[in-house]
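Chemist: Protein chains in written order, with the UniProt record's numbering: chain F, 1 to 220; chain H, 1 to 295.
#1: May I ask you to report which of helix, strand or coil DSSP gives residue 17 of chain H?
#2: Just how far apart, CA to CA, sit residue 211 of chain H and residue 51 of chain F?
#3: Would you call residue 115 of chain H buried or exposed, if buried means 16 or more other Cβ atoms sit within 10 Å of its Cβ?
#4: Against residue 53 of chain F, what residues of chain H qualify as contacts under a CB-to-CB distance less than 7 angstroms, listed in chain order?
#5: Look at the alpha carbon of residue 30 of chain F and the alpha carbon of residue 247 of chain H, and state the distance between them as a whole number of angstroms.
#6: How big is the Cα-Cα spacing for residue 223 of chain H and residue 71 of chain F?
#7: Below 9 angstroms between beta carbons is the criterion; list the residues of the segment 22 to 35 of chain H that meet it against any residue of chain F, in chain order.
#8: In terms of DSSP beta bridges, what is residue 42 of chain F paired with?
#9: Grouping DSSP H, G and I as helix and E and B as strand, with all else coil, what is residue 241 of chain H?
#10: Taking all protein chains shown into account, decide if residue 215 of chain F is buried (16 or more other Cβ within 10 angstroms of its Cβ) or exposed.
#11: Counting contacts by CB-CB distance shorter than 8 angstroms, is residue 193 of chain H in contact with chain F?
#12: Can you give me the C-alpha to C-alpha distance between residue 56 of chain H and residue 153 of chain H, rounded to a whole angstrom?
#13: Is there a Cβ from chain F that is less than 8 angstroms from the Cβ of residue 262 of chain H?
#14: Are the C-beta atoms of residue 276 of chain H and some chain F residue less than 8 angstroms apart?
#15: Buried or exposed: residue 48 of chain F, going by 16 or more other Cβ atoms within 10 Å of its Cβ?
#16: Among residues of its own chain, excluding the 5 on either side of residue 46 of chain F, which ones have a beta-carbon nearer than 6 angstroms to its beta-carbon?
#17: The beta strand (DSSP E) with residue 154 of chain F in it runs from where to where?
#18: Which first and last residues belong to the alpha helix (DSSP H) in which residue 186 of chain H is found?
#19: Near residue 260 of chain H, what residues of its chain come up, given a Cβ to Cβ distance below 6 angstroms and the 5 sequence neighbours on each side ignored?
#20: Does any residue of chain F have a CB that is nearer than 8 angstroms to the CB of residue 147 of chain H?
#21: Please classify residue 284 of chain H as buried or exposed, where buried requires at least 16 other C-beta atoms within 10 Å of its C-beta.
#22: Chain H beta carbons: is any one of them nearer than 8 angstroms to that of residue 106 of chain F?
#23: Measuring CA to CA, which of H/124, H/105, H/65 is closest to residue 75 of chain H?
#24: Does residue 102 of chain F get closer than 8 angstroms to chain H when you measure Cβ to Cβ?
#25: For a contact meaning CB atoms closer than 8 angstroms, what does residue 3 of chain F contact in chain H?
#26: Would residue 43 of chain F pass as an interface residue toward chain H - the criterion being a Cβ-Cβ separation below 8 angstroms?
#27: With a Cβ-Cβ cutoff of 8 angstroms, do residue 122 of chain F and residue 28 of chain F count as a contact?
#28: Let me see if you follow: with CB-CB separation under 8 angstroms, is residue 65 of chain F close to chain H or not?
#29: So, is residue 33 of chain F buried or exposed, given that buried needs 16 or more other C-beta atoms within 10 angstroms?
#30: Can you find the residues in the same chain that come closer than 6 angstroms, C-beta to C-beta, to residue 127 of chain H, ignoring five residues on each side of it along the sequence?
#31: Taking its Cβ as the centre, do 16 or more other Cβ atoms sit within 10 Å of residue 73 of chain H, making it buried, or is it exposed?
#32: Please list, in chain order, all residues of the same chain as residue 239 of chain H whose beta carbon is under 7 angstroms from its beta carbon, the five residues on each side excluded.
#33: Out of curiosity, what's the CA-to-CA distance linking residue 210 of chain F and residue 171 of chain F?
#34: Run through DSSP, which three-state label would residue 107 of chain F get?
#35: Using only the alpha-carbon positions, how far apart do residue 102 of chain F and residue 202 of chain H sit?
#36: Leaving out five residues before and five after residue 135 of chain F in sequence, what residues of the same chain have Cβ atoms less than 6 angstroms from its Cβ?
Here it is as structure tokens:
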């Protein structure tokens with residue numbers, strides 16, 4: 001089941017005008033921000049399908065940039081997000097793509113600074129709910145049904161065991177898990193769907209593992 | 001966990017409780033939250049809805065494009081003249097549904113029910129019925145759980161996204177949700193709620209999503225108006241004992257399949273329907289300087 005809570009239906013509380021094109025877009029932007037972990041210097045956003053055709057009318061542009069500024073769906077600063085981003089020195093570019101994607105509401109977001117960048121593809125499936133389908137070239141199947149941990153790590157023995165041990169210690173059950181890598185021995189990505197939201201204590205502890213480069217949590 | 005309306009009604013019947021109670025208990029089970037926490041969360045949503053309605057019928061709300069705003073207020077003034085033909089309660093619901101969507105279009109704060117574009121129907125009907133049925137705060141919260149239970153089934157078995165299934169998936173779903181919740185609030189049975197949902201959604205089937213200039217304004221605001229009136233009529237019909245010849249779950253399935261065959265131009269791309277009319281295109285050109293499709 002894609003939707004598991006009544007608050008996916010009656011909710012979210014949000015700034016209008018569209019749950020998929022405004023609230024969903026804000027959430028995609030915010031996941032990107034959390035994955036990047038700090039304020040970026042630039043954001044390159046590509047819109048596909050219905051997003052490409054109607055993003056201006058729906059405020060998708062301000063919402064996704066609002067998300068990149070770490071605003072939640074109900075944060076009224078979303079309305080002024082483009083101006084605020086400019087003031088904060090974030091260079092934002094947006095393009096409308098013609099390519100046909102699997103889902104009509106698709107956005108590709110690249111944010112970064114001189115230190116690095118991340119790239120993700122998010123889809124907005126309705127009522128403000130989103131899924132992340134690609135991260136840094138890794139294909140994901142992040143259902144969005146459960147809280148999840150995204151862990152970028154070195155493709156080396158012991159990575160899975162190290163992470164699983166910490167989760168086990170904190171009595172966190174893993175519902176679904178995927179590991180993928182671009183190249184043997186290089187960067188790899190663990191996607192772990194869990195049954196409950198986790199505290200920063202746990203993500204901090206995971207970050208201390210030498211093999212782990214970055215930990216991001218996606219909450220319900 | 002209920003997977004469809006038939007299971008939802010059966011659960012409520014066997015437990016001799018309301019639809020809303022089944023939804024509340026499922027939410028507690030899935031999230032591990034207490035009844036108080038779940039109620040408090042919904043209470044917050046109810047407050048946002050109340051504030052949006054209040055703002056829409058008292059303030060001069062205007063969207064950035066200038067296409068919408070002020071109609072909820074106009075209708076309130078008309079009700080006061082005592083000349084309404086369709087009845088004060090009916091028009092009050094219509095006015096409050098529009099008020100919510102006008103606030104939404106103006107990038108105000110609303111609660112998606114089930115989406116932002118269809119956010120007017122459920123609160124519009126609720127706050128209109130408040131005057132007649134005098135519900136307690138808890139009953140108003142239960143109204144949202146009852147409507148949420150039906151929306152939950154639609155979202156998981158069909159769609160609540162206009163880009164995926166057209167307006168029938170958004171305002172259509174919201175209308176059915178409101179109809180079912182009205183029945184519960186008025187003291188009807190769980191199966192009458194299901195009949196009301198089926199009757200309401202049947203009359204929204206095939207409705208396309210064709211927003212002018214891609215804005216959640218024209219025709220969204222007035223579709224919420226008609227959704228609210230449709231919901232009240234469907235609830236009255238079900239309470240009178242009228243049943244839908246096509247069962248509720250099959251209506252939802254039909255809505256889903258219609259959505260799958262709907263061309264992309266009619267699914268929130270502003271390429272067809274009212275968006276593609278001469279006036280629709282003219283408004284689009286005026287708002288954005290140049291038509292979106294000619295850039």
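Built from N, CA and C at the ideal position, the CB exists for glycine as well. Being a predicted model, the structure only gives us computed values, none of them experimental.
Modeler: With the given structure in hand:
#1: In the three-state DSSP reduction, residue 17 of chain H falls in the coil class, being neither helix nor strand.
#2: Between the C-alpha atoms of residue 211 of chain H and residue 51 of chain F there is a straight-line separation of about 13 angstroms.
#3: In the assembly as shown, residue 115 of chain H is a buried residue. Its beta-carbon has 16 or more other beta-carbons within 10 Å.
#4: The answer, in chain order, is 214, 269, 270, 271, 292.
#5: If I take the Cα positions, the gap works out to 41 angstroms.
#6: Here the C-alpha atom of residue 223 of chain H lies approximately 30 angstroms from the C-alpha atom of residue 71 of chain F.
#7: Under the 9 angstroms Cβ criterion, the segment 22 to 35 of chain H contributes 23, 24, 26, 27, 30, 31, 32.
#8: F/91, F/112, per the DSSP bridge assignment.
#9: If DSSP states are grouped into helix, strand and coil, residue 241 of chain H belongs with coil.
#10: With 16 or more other CB atoms across the displayed protein chains lying within 10 angstroms of its CB, residue 215 of chain F is buried.
#11: Not an interface residue.
#12: For residue 56 of chain H and residue 153 of chain H, the gap between their C-alpha atoms comes out near 30 angstroms.
#13: Interface annotation, residue 262 of chain H: not in contact with chain F, CB-CB separation never under 8 angstroms.
#14: At a cut-off of 8 angstroms between C-beta atoms, residue 276 of chain H does not count as an interface residue with respect to chain F.
#15: Residue 48 of chain F counts as buried, since no fewer than 16 other beta carbons sit within 10 angstroms of its beta carbon.
#16: If we look at residue 46 of chain F and ignore the five residues flanking it on each side, its Cβ neighbours are 95, 97, 108.
#17: Note, residue 154 of chain F: beta strand (DSSP E), 148 to 154.
#18: Counting along the chain, no alpha helix (DSSP H) covers residue 186 of chain H, and no H or E run does either.
#19: Here residue 260 of chain H has no same chain residue with a Cβ atom under 6 angstroms from its own Cβ, once five neighbours each way along the sequence are excluded.
#20: For residue 147 of chain H, the answer is yes, since a Cβ of chain F falls inside 8 angstroms of its Cβ.
#21: Answer is buried; the Cβ neighbour count reaches 16.
#22: Residue 106 of chain F does not count as touching chain H.
#23: Of the candidates H/124, H/105, H/65, the residue whose Cα lies closest to the Cα of residue 75 of chain H is H/124.
#24: With 8 angstroms as the cut-off, residue 102 of chain F does not count as an interface residue toward chain H.
#25: Going along chain H in sequence order, the residues near residue 3 of chain F (Cβ under 8 angstroms) are 152, 155, 156.
#26: By this cut-off, residue 43 of chain F is not an interface position.
#27: Contact: yes.
#28: Among the residues facing chain H, residue 65 of chain F is not included, as its CB has no counterpart in that chain under 8 angstroms away.
#29: Residue burial is scored here from C-beta neighbours: residue 33 of chain F has at least 16 other C-beta atoms within 10 angstroms and is therefore classed as buried.
#30: Same-chain partners within the cutoff: 53, 96.
#31: Only buried fits residue 73 of chain H, as 16 or more other CB atoms lie within 10 angstroms of its CB.
#32: Within the same chain, residue 239 of chain H has close Cβ partners 183, 186, 188, 192.
#33: Spanning the two alpha carbons is a distance of roughly 22 angstroms.
#34: Shown here, residue 107 of chain F sits in a strand according to DSSP, grouped into three states.
#35: Going by the C-alpha atoms only, they are around 29 angstroms apart.
#36: Correct list, in chain order: 120.
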